[in-house]
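J.: Numbering-wise (my numbering), the sequence shown opens with residue 56 and increments by one.
Using N, Cα and C, we set each Cβ at its ideal position, and we do this for glycine too.
Computed from a predicted model, the values in this text were never measured in an experiment.
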Amino acid sequence: PKNLPIADVLIDDNDNNGKRENQDKPKLVILGGGWGGVALLKELNANDYHVTVISPTNYFLFTPMLPSATVGTLESRSLVEPIRRILGRIHGHFIRASAEEVCFNEKLVEVSQTDLNGKKIHFYVPYDKLVIAVGSVTNPHGVKGLENAFFLKDINDARMIRNKIIHNLELACLPTTTDTERRRLLSFCVSGGGPTGVEFAAELYDLLNEDLTRNFPRLLRNEISVHLIQSRSHILNTYDEEVSKYAEKRFARDHVDVLTNSRVQEVHPDKIVFSQKQPDGSLVTKELPIGFCLWSTGVSQTEFAQNIAKTLGDFQTNRRALETDTHLRLTGSPLGSVYAIGDCSTVQNNVADHIISVLRSIAYKHGKDPETMQLHFSDWRRVAMEVKQRFPQAVSHLRRLDKLFEEFDKDQSGTLDFGELRELLAQIDSKLTSLPATAQRANQQGVYLGQKLNKMAHLSKGLEVNDVRDGDLDAAAFKAFEYRHFGSLAYVGNSAVFDLGEGWSFTGGLWAVYAWRSVYFAQSVSFRTRCLMAMDWAKRGLFGRDLMS
Ligand code: FAD
Ligand code: MG
Ligand code: MG
Ligand code: MG
Ligand code: MG
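Set out below in structure tokens:
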């Protein structure tokens, strides 16, 4: 390790009895106070660990409601919860800083923070157990001019977007503004047809329709335009087909201009340049004058997670996420001391390996050589059943195991030969490289890890904290993590689109809006947040949005 100070004793260890009691407990350090980190904190017993959260943001953010904050449906304060408040129950500590690197052998996290003079301070925080839950960053996809675009990840982003929208509306109202300039100022563009982009476009449409005539009577509805640029042929393309069709129909009715098969090339301050694939396969470059652009085209790794992957070298080969085993232990790190959860991580299932071993056993049963065997559909069904049983978390990615058989039986012989099978397994593996980057998943992993750490604290009483057996204990004492897919929800206009997976989807209706909100109410962290949101909705219902910045 480098020659840096080590934060061995925290100054507030003597603040109260609770903290004093935990002073000599195993040190549990959690990097990140988002969905994963907070779900874990909520699950932990009060007196088992000496807990420290390290994060550059000192609040938890209720992200599913962030699009509503951009247009003032919700106040931004209602979406956040101070981490220190959450830590109170377990007598935990908070350090406002960013993790930079980890020395796995010495069990030290290097963190940094900028001081008042703009100088970077570096120091180490020691741990017995480390949880990496640092989330993700917006994916720039190498596009030029993103300094002219807005992102939607954090509460400050929501504020900046809100101010920009209002500023544009005010500028458009000036008597000196020309017709062309007004149309440009009122041209809003969303790049990315995933849930965030779709929800934002829907919220924006609501704002422009519900509050504009009231507050900006000078602006004409037909001068306003909302555009959504999507690289795939459909918006919400990872959802059920029905859901994505419903959203498209909805947008078509509302005159939200959906541009599919389009890739953004450059964002300028006053226009966006993109190429659109034509039905005949040719590419045509187009330009759109814009007054605002939201960039929401998916996520990628934080710098810290990239550093970790580099440190662990060959153990970490997935470029999109840190790999863990099914017990959420970071692959390549000393067993039982480092975990990764949430957006920054993915679980290695080794489904393909498992399928191969099942196939071997089938082959031997038939007295055949697995390499030359022809696999019949009935055999495949057996394999598929086995996969579903062993890897329930994988099933949502593999909804149509039966269909895969037909798809990969290229010569339509009704059997798969070894080559066809190999291609099929490659596809399964690539589909399973990542679990979805959702609050739902981060929350499940946080809860799982919290329960496990609670159990291990009890089992390891009497054991040395650094005992090697601790690592094995981990897997022996607690079941593997299983992801449960409860469906994705997206908010479209004044109704929700429900995607519950396995072909269960509902669309439309006001009841859906309330059902959708109550789902998130239940997920919300505290009674305080719930009250604040309810008050915001009531206020908006009564008085409309506050359009000022
Ligand atoms: P995060 O919640 O992002 O938390 C990461 C934490 O780590 C933050 O506190 C951050 O400050 C901290 N951090 C970052 N770098 C470091 C570092 N170097 N050292 C220490 N700490 C660090 N999901 C759904 O399921 N449903 C939805 O409706 C939904 N809507 C969304 C809407 C928007 C606008 C966005 C942006 C996301 C939405 N998501 C939704 C996705 C969901 O928010 C993420 O999947 C979830 O936040 C992931 O949780 P996490 O704990 O991995 O990361
Ligand atoms: Mg987190
Ligand atoms: Mg968060
Ligand atoms: Mg994470
Ligand atoms: Mg065949």
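Does DSSP put S337 in a helix, a strand or coil?
T.: It is coil, neither helix nor strand.
J.: Could you please give the first and the last residue of the uninterrupted beta strand (DSSP E) stretch that includes E378?
T.: 377-379
J.: Does DSSP put V523 in a helix, a strand or coil?
T.: Only weak support is given to the placement of V523: the predicted model assigns it a pLDDT of 44, under 50, and the value that follows is read from those uncertain coordinates. Note: V523 maps to coil in three-state DSSP.
J.: Between D369 and A256, what straight-line distance do the alpha-carbon atoms span, to the nearest angstrom?
T.: Pairing D369 with A256, the inter-Cα distance amounts to about 42 Å.
J.: Below 8 Å, how does it come out for the stretch 424-434 and the stretch 212-225: are there three or more Cβ pairs, yes or no?
T.: no
J.: Let me know the secondary structure DSSP gives R276 once reduced to three states.
T.: helix
J.: So, helix, strand or coil for R585, using DSSP?
T.: helix
J.: Between the alpha carbons of L129 and M588, how many angstroms are there, rounded?
T.: One Cα belongs to L129, the other to M588, and the distance between them is close to 7 Å.
J.: DSSP three-state label for E3, please.
T.: Outside the displayed range of the chain (56 to 604) lies residue 3, so it cannot be described from this structure.
J.: Can you find the residues in the same chain that come closer than 8 Å, C-beta to C-beta, to R611, ignoring five residues on each side of it along the sequence?
T.: Residue 611 lies beyond the stretch modelled for the chain, which goes from 56 to 604, so this question has no answer here.
J.: Could you check whether the Cβ of W90 sits closer than 7 Å to any heavy atom belonging to ligand 1?
T.: yes
J.: Pick helix, strand or coil for Y260, following the three-state DSSP scheme.
T.: helix
J.: Using three-state DSSP, classify L226 as helix, strand or coil.
T.: helix
J.: Can you find at least 3 beta carbon pairs, one from the stretch 297-313 and one from the stretch 273-284, that sit closer than 8 Å?
T.: yes
J.: According to DSSP, which residues form a beta bridge with V354?
T.: T193, per the DSSP bridge assignment.
J.: Which residues does DSSP list as the beta-bridge partners of P344?
T.: K326
J.: Does the beta-carbon of G469 have 16 or more other beta-carbons within 10 angstroms, so that it is buried, or is it exposed?
T.: exposed
J.: Does DSSP classify Y207 as helix, strand or coil?
T.: Sequence inspection shows Leu at residue 207; the Tyr mentioned does not correspond to that position. L207: coil per DSSP, three-state reduction.
J.: Going along the chain, which unbroken runs of the alpha helix (DSSP H) with 4 or more residues stay wholly within the stretch 273-318?
T.: 296-308
J.: How big is the Cα-Cα spacing for D183 and E161?
T.: 10 Å
J.: Measuring only from the beta carbon, is F149 closer than 7 Å to any heavy atom that is part of ligand 1?
T.: No, ligand 1 has no heavy atom inside 7 Å of this Cβ.
J.: For H323, which residues from the same chain have a beta carbon less than 7 Å from its beta carbon, with the 5 sequence-adjacent residues on both sides left out?
T.: G200, N203
J.: Can you grab the Cα-Cα spacing for the pair V520 / G422, in whole Å?
T.: Here the model assigns V520 a pLDDT of 47, short of 50, so the residue's position is not dependable, and the following value carries that caveat. About 50 Å.
J.: Can you find a heavy atom of ligand 1 that lies under 7 Å from the Cβ of S337?
T.: no
J.: How would you call E358, buried or exposed, if buried means at least 16 neighbouring beta carbons within 10 angstroms?
T.: exposed
J.: Give the C-beta separation of A302 and V253 to the nearest angstrom, bearing in mind that I take them to be a contact with Cβ-Cβ under 8 Å.
T.: 6 Å
J.: Between G397 and G88, how many whole angstroms is the CB-CB distance? I'm expecting something under 8 Å.
T.: No, G397 and G88 are not in contact; Cβ-Cβ is about 11 Å, not under 8 Å.
J.: What does DSSP give as the partner residues of F115 in its beta bridges?
T.: E136
J.: Where do the ends of the alpha helix (DSSP H) carrying K507 lie?
T.: 494-514
J.: Run through the DSSP bridge pairs and tell me what T401 is partnered with.
T.: E378
J.: Using CA coordinates, which residue listed in L134, R436, N264, A535 is at the minimum distance from C586?
T.: L134
J.: Below 8 Å between beta carbons: does that hold for G346 and R239?
T.: yes
J.: Please indicate yes or no: does the CB of F205 lie closer than 7 Å to some heavy atom of ligand 1?
T.: Every heavy atom of ligand 1 is 7 Å or more from the Cβ of F205, so no.
J.: Considering only DSSP beta bridges, list what Q168 is partnered with.
T.: I176
J.: Given this structure, state the Cα-to-Cα distance separating A124 from R217, to the nearest angstrom.
T.: 8 Å
J.: Does the stretch 473-483 come close enough to the stretch 64-81 to have 3 or more Cβ pairs within less than 8 Å?
T.: no
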